[in-house]
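As structure tokens, the structure follows; a few thoughts come after it.
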Amino acid sequence: MKILIVKLSAIGDVIHALPVAGALKECFPQSHITWVVEKPAYDLLANNPFIDEIIIFEKPKFKSFTGLFRNAPPFIRQLRSGRYDLTLDLQGLFKSAAIGYFSGAPQRLVYCNTREMSHLLAEKVCGAHMKGHIVEQYLDVVRALGCQVQEAKWVFPLTEEEQCSTAAIADRVGFSLNDPYVILAPGANWPNKRWPVANFSVVADWLASRNIKSVIVGGAGDQRLAQEITAAAKTVPIDITGQTSLKQLACITGKARALIGGDTGPMHLAAALKVPVVALMGPTDIPRNGPYGQAGNALATSHACHGCWKRACPKGLDCLAGISVAAVQSKLSSILALRGEN
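Here it is as structure tokens:
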């Protein structure tokens, strides 16, 4: 069986979908699995033993009419050449549905929470976890094929070069992967998913008083937030924003004592790696988008309107300011105590 998975972005969403590949391979060992993804999330799939082929969808090339006219035909030919038997649309948008449709696969499934009329191009799957975590919702698409999926499994294979380069980054900025450290992830695409930077500074100083380093992670766009945290902290945190690939971030995250962050890629990466997470939740809800397997480590804002799923607060509230520093410190204390470090 030749299977095409369509999950294009974002980083956290691709992480949520990753267990689907392993579940398919377990159920159909002889299957050939291809995944269509956008460039920013490619690293998450590279060298995955359950994924046989990766197709990169370069979205910027398709944004204009000219670009669409020029790039769509060769992209469709590439899809058709795969001769897929089945597509799983885990994005649930028009563009992902179109990719599945143009693949020519006779069977096309889309997970339940579809948008942009994407369900018109595929069979809609609404499983037992419609109100559960998004990871389980994606796995319900695999279960709809008659597969028994007991648990979500992630793999992030690291080459020797990736491990060595990660250690070199840590050495360059002044820490070792063997040091006790907690990751601070202040960035997020939605502004209302960001905890106030002043709070991160206070937590960094609190950790330093316990001889635990703070390592700030994120993309190049998060460097301003990192600078503000560093400027306000009495003990300077380690800033590696914009300096790591996703695989290097996985290596650094996997050795951390914990991670603090909102509903964003680094938080979900930590949860997938089974690193304790203090998840700061505001506009999105804990049951669906909290840290998988760690709902007890999630903190919801005190605002009554939390879980509104709005990208910008119509009330003008600083959403995550409703989560206190004391609450985060208390949660961290419990996590560190379990490791004998508090």
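Start counting the sequence shown at 309; every next residue gets the next number (the working numbering). Each residue gets a CB set at the ideal place from its N, CA and C atoms; glycine is no exception.
In angstroms with no decimal places, state the Cα-to-Cα distance between residue 316 and residue 365. 7 angstroms
How close, in whole Å, do the beta carbons of residue 639 and residue 586 come, if the pair is a contact with beta carbons under 8 angstroms? 5 angstroms
Going by the CB atoms, is the gap between residue 399 and residue 457 shorter than 9 angstroms? no
Relative to the C-alpha of residue 342, which residue among 579, 309, 620, 534 is closest? 309
For a quick check, are the C-beta atoms of residue 491 and residue 561 less than 9 angstroms apart? yes
Considering only their Cβ atoms, is the gap separating residue 362 from residue 353 smaller than 9 angstroms? Going by C-beta atoms, residue 353 is nearer than 9 angstroms to residue 362.
Residue 621 beta carbon less than 9 angstroms from that of residue 591: yes
Pull up the distance between the alpha-carbon of residue 412 and that of residue 380, whole angstroms please. 14 angstroms
Taking three-plus beta-carbon pairs below 8 angstroms as touching, is the region 521–540 in contact with the region 456–472? no
Cβ-based burial, residue 572 [other Cβ within 10 Å; buried from 16]: buried
Taking Cβ positions, are residue 600 and residue 443 nearer each other than 9 angstroms? yes
Taking 9 angstroms as the threshold (beta carbon to beta carbon), is residue 440 in contact with chain B? Any reference to chain B falls outside this structure, which holds one protein chain only.
Can you check which of these residues, 546, 483, 486, 497, is closest to residue 509 by C-alpha distance? Nearest of 546, 483, 486, 497 to residue 509, Cα basis: 546.
Using a threshold of 9 angstroms, state whether the C-beta atoms of residue 397 and residue 389 are closer than that. no
Roughly how many angstroms lie between the CA atoms of residue 615 and residue 346, to the nearest whole one? 28 angstroms
For residue 467, which three-state DSSP category applies? coil
If contacts are defined as beta-carbon pairs under 8 angstroms, then residue 393 and residue 414 qualify, I think. What distance do you get, rounded to the angstrom? Here residue 393 really is in contact with residue 414; their C-beta atoms are around 7 angstroms apart, less than 8 angstroms.
Is residue 420 near residue 485, with beta carbons less than 9 angstroms apart? no
Inter-residue CB distance, residue 543 and residue 527 (contact presumed, cutoff 8 angstroms): Contact doesn't hold; Cβ gap of about 24 angstroms is too wide.
Length of the line joining the Cα atoms of residue 483 and residue 493: Taken atom to atom, the span from the alpha-carbon of residue 483 to that of residue 493 is near 17 angstroms.
The alpha helix (DSSP H) spanning residue 551 covers which residue range? Per DSSP, residue 551 belongs to no alpha helix (DSSP H) and is neither H nor E.
Is the Cβ-Cβ distance between residue 332 and residue 387 less than 9 angstroms? no
So residue 327 packs on residue 440, CB below 8 angstroms; how close in whole Å? So it is not a contact: roughly 14 angstroms between Cβ atoms.
If the criterion is Cβ atoms closer than 9 angstroms, does the pair residue 520 and residue 625 meet it? No, Cβ-Cβ distance for residue 520 and residue 625 is not below 9 angstroms.
Assuming residue 627 and residue 450 are in contact, meaning their beta carbons sit under 8 angstroms apart, how far apart are those beta carbons, in whole angstroms? Incorrect: roughly 34 angstroms between the Cβ atoms, too far for contact.
Put residue 449 into one of helix, strand or coil per three-state DSSP. helix
Option nearest residue 619 by Cα separation, candidates 630, 606, 497, 613: 497
Just to check my reading of the structure: residue 323 and residue 580 have Cβ atoms closer than 8 angstroms, yes? What is that Cβ distance to the nearest angstrom? 5 angstroms
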